[in-house]
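Engineer: Below you will find the structure I want to go over with you.
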Amino acid sequence: MAVSVVGFDIGSLTSYIGVARGGGVEVITNEYSERATPTCVAFSGELVLVGTAAKLQQVMNIQNTFTSFTRLLGKCLSDSSVVNERKFITHQVESTRDGRITLSAFLKGQKTPFAPEQILAIQMNKLKEIAETTIGSKVVDVVVNVPTYYTDAERRSVLDATKVAGLNCVKLVNDITAIGTAYGFYHTDLPPADQQPKIVAFVSVGYSTTQVGICSFNTGKMKVLATTCDAFLGGRDFDERLFNKFASEFQQQYKLKGSLSSKATIRLLQECEKLKKSMSANSSELPINVESLAEDRDLANKMKRTDFEELCSDLLQRFQMLFTKCLDVAKLKTEDVHSVELIGGSSRIPMIKNVVASVFKQEGKTSLNADEAVARGCAFQAAICSPAFKVKDFTVIEQCLYPIIIQFDQEEGSEQCMQTEEIDGTLTTQGKNMCIEVFPFLHPIPSSRQIVLLRHGVFTLEARYANKDSLPNQNIVIGTFRIGDASQVFTEPRKIKLKMRMNTHGIFNISQAQLIEEYEKEVEVSVSEDNPVVDGPPNSEQEVTTASNGDTESQNPPVDSNQTNMQDSTSPKKKTVMKKKKFTKYHDLSIEVSNMQFTTKQLNEFCEIGANLIQQDKLERERVNSKNAVEEYVYEMRSKLQGPLNPFASPAESESLLQLLDMTEEWLYGDGESLKRHVYVEKLAELRSKGDPIVHRANEHLNRPLAVDNFNRSLVRIRKVLDSIAAGEPTYDHLTQAQVNQLEDMIVQYETWLNQQMMQQNPRPQTSDPVVKVTDIVSQQQAMESVCHPIINTPKPPTASHTNNTPDLNSQNSGQSNDVNNPNTNSNPGTNHSKKGADDEQNMDLD
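Have a look at this one:
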């Protein structure tokens, strides 16, 4: 079975699936033969609609259709970002007791709450289904994109959604990182590692967000130098400007009071989006028309590109500030940037291209697919993470976008409340401060850091973002960590070492907490008799790690026995004395974490709800398909009875069946509108019992002439063989008389059978069942040919002349050696076969 290497690009508007296979990466299509699958989930009755199917019915099912739910992940309802987002939401948004967001839908007439993570899991299930259908194997491991500005809580929410969808998220990849990965793989003109890097800026303007990144590239290496994002600036903001203008003029024109309905809002927004795309390609004045927008009034208006740009002038200023800020963060000048790549559907808007050109002093390029670059980058990252694929070396160095601090209460009696240990950089603190910055701004990730605190016992610390203003939302708290057990209380401060990590997902965690125990112990030390100096400094410290089973392991290096023997032979005699030495033990402490991530119990409940929805959707689809089959049969059979099937049904049969069809149609739109699946199956069987005999007669009448003709042709071919034998032709002179007699008997037997059957069938009316079926004629022909063809194709025996002229193999090989040691002799052909590589490894030439 092929190993699935898949990357998901789930945007707020559309989703794409990248698959690594066949030596490269491709973006696959859905059941509608489209690469873009709308990020949309809807509930219709008991059906769960996802993607294109959900988007098509959005206007008719507004309250039960969810869009832009990725922007609600990991947030509380009171968050200012959610308040700003609600103007784009048409469905109900509520909160739980702990402030989490829930999206309400009506299932079976009952209001049912869903977490945004559950809705995202349904979207992921659809993408997984599309990928499995295309690849032909099960999809488990995936790489999923996230906006670069996502906080810790939002990233954890995406991981929760993958678990509910039954997926293993190998890595969460930032959009800028995914785009840069795709650029690094597709561009072969990167400088070597020992030369100055190629610096490229990426401008990604999506439906709801804008992300700008500047990266440096060398062969096999990419480093993110700076990223700036605006989570509330994207293509939909241009749509909103058009919507507000046209809606205001429409209401003033017809003197309408109040705002437009949700259905009218969606219809007008859809037309505004179409107009925006049209103006990107055409600078002339273009019309916009919406029929019966409100109170049976039609909207008709026009807009030119110049007016559109003036309408969005403040948005362009925000783009300019964002681009300039990215250059400032990277500490680069415009001439340092080699090129600018435009990504995202909204990057095609001419006014955005103009802003890019004015800030970076060069035109933006489109060497990458603007819509699919993120999905391809995710697929490349999946191939890098997969052990089943060989990919060229490509290292990615990312940076921490938001500085992270830990905060805790200072205990009395601890003059020096903290100290730090260095792992991959300098960690600076001040003696009695209660906050430590553990991951500064632009710190490389993934990375780990350690810190040692002096505490009396159990303590709690809080990880949070240092700069609230830089966050896209108000939730600055990452999580609360309770270190140690309540039973662990010390009379004096003890050292506790904490290991903190920013992993590949960009998620912060305290991965380990250890109590440091220092003690002295007398050990034997060798002392020279001539020079009584202790080997090693006095009171030297030695670390001992305490394992989970209580065993201790010394960290002293092993001693070479040969070196010891040499020293013994040359050094003076020594004696041993008892000396005190310092030792250190490390005891693991428990860590209780409290953050925005769902508990295992909650995730299991979500998985159960999701499985029930899938099963319910499957049963409902089967029921609907069975009902549609009955309805389709009614219309199709009624039409055929009045057309091609009419000659094959008696008047009584036709009248009876038509009456039954009419009754079934009334039943379908009345009492039979919503029944169990088996009822429709039984109803279809009842209809077929009346209609299938008529269809069978028509099919027999239509196919019988061809079957008879084929039978007669086979008889003619066999008869020609008998005529050739009677004429004495040498082609069949090797056949025995018994074989010839058998051919003659077959001709007489089967020709007589066919003539008798057709004499009975021809005079019968078309409304009666056939005497002989087409399958009978075909089977009789095959039976005749199975006997006659082997006789006709009997090969001639070899003649004496052929036997005498057989070449002498020995004479032909007289010039060749039969010695097995002859290198020209291929004694083992199998040794020439190439060996197969590792079974589970697939080679990919992704260069």
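According to the UniProt record's numbering, the sequence shown is numbered sequentially starting from 1. Positions of the beta carbon are idealized from the N, C-alpha and C atoms, including for glycine.
Specify the secondary structure class of residue 855 as computed by DSSP and reduced to three states.
Structural biologist: Any question about residue 855 goes unanswered here, given that the chain covers just 1 to 847.
Engineer: Are three or more beta carbon pairs between the region 175-183 and the region 287-304 nearer than 8 Å?
Structural biologist: With a cut-off of 8 Å, the region 287-304 and the region 175-183 do not count as touching, because too few Cβ pairs lie within range.
Engineer: Thinking C-beta only, is K302 closer than 9 Å to L315?
Structural biologist: Taking 9 Å as the Cβ cut-off, L315 and K302 do not qualify as a contacting pair.
Engineer: Going by DSSP, what residues sit across from V19 in a beta bridge?
Structural biologist: Answer by DSSP bridge pairing, in chain order: V6, E26.
Engineer: What does DSSP give as the partner residues of Y465 in its beta bridges?
Structural biologist: Looking at the DSSP assignment, Y465 forms a beta bridge with I404.
Engineer: Taking 8 Å as the threshold, find out whether the region 671-688 comes into contact with the region 715-729 through three or more Cβ pairs.
Structural biologist: Segments in contact, no.
Engineer: Return the chain-ordered list of same chain residues with a C-beta closer than 8 Å to the C-beta of Q320, the five sequence neighbours on each side being excluded.
Structural biologist: So the qualifying residues of the chain are V355, S358, V359.
Engineer: Where do the ends of the beta strand (DSSP E) carrying E372 lie?
Structural biologist: From DSSP, E372 is part of no beta strand (DSSP E); its letter is neither H nor E.
Engineer: Given this structure, state the Cα-to-Cα distance separating A466 from V477, to the nearest angstrom.
Structural biologist: Those two C-alpha atoms are separated by around 10 Å.
Engineer: Excluding sequence positions up to five away, which residues of its chain have a Cβ less than 8 Å from the Cβ of L311?
Structural biologist: If we look at L311 and ignore the five residues flanking it on each side, its Cβ neighbours are R241, L242, K245.
Engineer: Taking the CB atoms as reference points, tell me whether R155 and V146 lie closer together than 9 Å.
Structural biologist: Result yes, Cβ atoms of R155 and V146 sit closer than 9 Å.
Engineer: If we count the other Cβ atoms within 10 Å of its Cβ and call it buried at 16 or more, is Y669 buried or exposed?
Structural biologist: Under this definition Y669 is an exposed residue.
Engineer: In this structure, how does DSSP classify H696 when only helix, strand and coil are distinguished?
Structural biologist: Correct three-state label for H696: helix.
Engineer: Quick one, are the C-beta atoms of T52 and S12 less than 9 Å apart?
Structural biologist: It is not a contact, given that the beta carbons lie outside the stated cut-off.
Engineer: Which complete beta strand (DSSP E) runs does the region 110-172 hold, if anything under 3 residues is left out?
Structural biologist: Those beta strand (DSSP E) runs which fall completely within the region 110-172 and span 3+ residues are 110-114, 141-146.
Engineer: Restricting to Cα atoms, I'd like to know which of G344, D393, E517, L225 is closest to I445.
Structural biologist: Residue L225 is the option with its Cα nearest to I445.
Engineer: Is it true that the CB of I343 sits closer than 9 Å to the CB of A382?
Structural biologist: Taking 9 Å as the Cβ cut-off, A382 and I343 do not qualify as a contacting pair.
Engineer: Using a Cβ distance threshold of 8 Å, determine whether the region 95-115 contacts the region 66-80, with at least three qualifying pairs required.
Structural biologist: With a cut-off of 8 Å, the region 66-80 and the region 95-115 count as touching, because enough Cβ pairs lie within range.
Engineer: Looking at the structure shown, is L733 part of a helix, part of a strand, or coil, going by DSSP?
Structural biologist: The question names Leu, but residue 733 in the sequence shown is Asp. Here D733 sits in coil by DSSP.
Engineer: Sorted by chain position, which residues of the same chain lie with C-beta nearer than 7 Å to M1's C-beta, five sequence neighbours on each side aside?
Structural biologist: Low confidence applies here, because M1 scores a pLDDT of 42, under 50, leaving its location unreliable; read the following figure in that light. Taken in chain order, the residues that qualify are S137.
Engineer: Measuring alpha carbon to alpha carbon, tell me which residue in I436, Q251, R697 is nearest E462.
Structural biologist: Answer by Cα proximity: I436.
Engineer: Using only CA atoms, which one of A300, V142, S346 lies nearest to V205?
Structural biologist: That would be S346, whose Cα lies nearest to the Cα of V205.
Engineer: Helix, strand or coil: which one does DSSP assign to T306?
Structural biologist: Correct three-state label for T306: helix.
Engineer: Counting pairs of beta carbons, one from the region 28-35 and one from the region 377-396, are three or more of them closer than 8 Å?
Structural biologist: They do not touch, by the three-pair rule.
Engineer: Check for me: the beta strand (DSSP E) holding S226 runs from which residue to which?
Structural biologist: In the sequence as displayed, the identity of residue 226 is Ala instead of Ser. Unbroken beta strand (DSSP E) run through A226: 221-230.
Engineer: Can you tell which of D141, P197, L442 has the C-alpha that lies nearest to the C-alpha of T148?
Structural biologist: Considering only alpha carbons, the answer is L442.
Engineer: Can you give me the C-alpha to C-alpha distance between I521 and S590, rounded to a whole angstrom?
Structural biologist: The sequence shown places Lys at residue 521, not Ile. If I take the Cα positions, the gap works out to 28 Å.
Engineer: By the three-class DSSP mapping on this structure, what secondary structure does G258 have?
Structural biologist: Coil at G258, not helix or strand.
Engineer: Tell me the DSSP secondary structure of T14 in three-state form.
Structural biologist: Here T14 sits in strand by DSSP.
Engineer: Taking the continuous beta strand (DSSP E) assigned at H505, which residues delimit it?
Structural biologist: Premise fails: H505 is in no beta strand (DSSP E) and is neither H nor E.
Engineer: Considering only the alpha carbon of each residue, which of F88, V772, A182 lies closest to Y263?
Structural biologist: For the record, residue 263 in the displayed sequence is Lys; it is not Tyr. Comparing Cα positions, the closest option is F88.
Engineer: Determine the DSSP secondary structure at D840, reduced to helix, strand or coil.
Structural biologist: For D840, the pLDDT reaches just 44, beneath the cut-off of 50, and the residue's location in the model is therefore unreliable, leaving the point undetermined.
Engineer: Assuming L167 and K128 make a contact with CB atoms under 8 Å, what is their CB distance in whole Å?
Structural biologist: About 6 Å; that satisfies the 8 Å criterion.
Engineer: Using only CA atoms, which one of V139, C229, G74 lies nearest to residue 848?
Structural biologist: Since the first and last residues shown for the chain are 1 and 847, residue 848 lies out of range.
Engineer: Compute the distance between the beta-carbons of F232 and S208, then report whether it is under 9 Å.
Structural biologist: In this structure, S208 lies closer than 9 Å to F232 by Cβ.
Engineer: Please confirm whether T460 and R494 have their CB atoms less than 9 Å apart.
Structural biologist: Not closer than 9 Å, so no.
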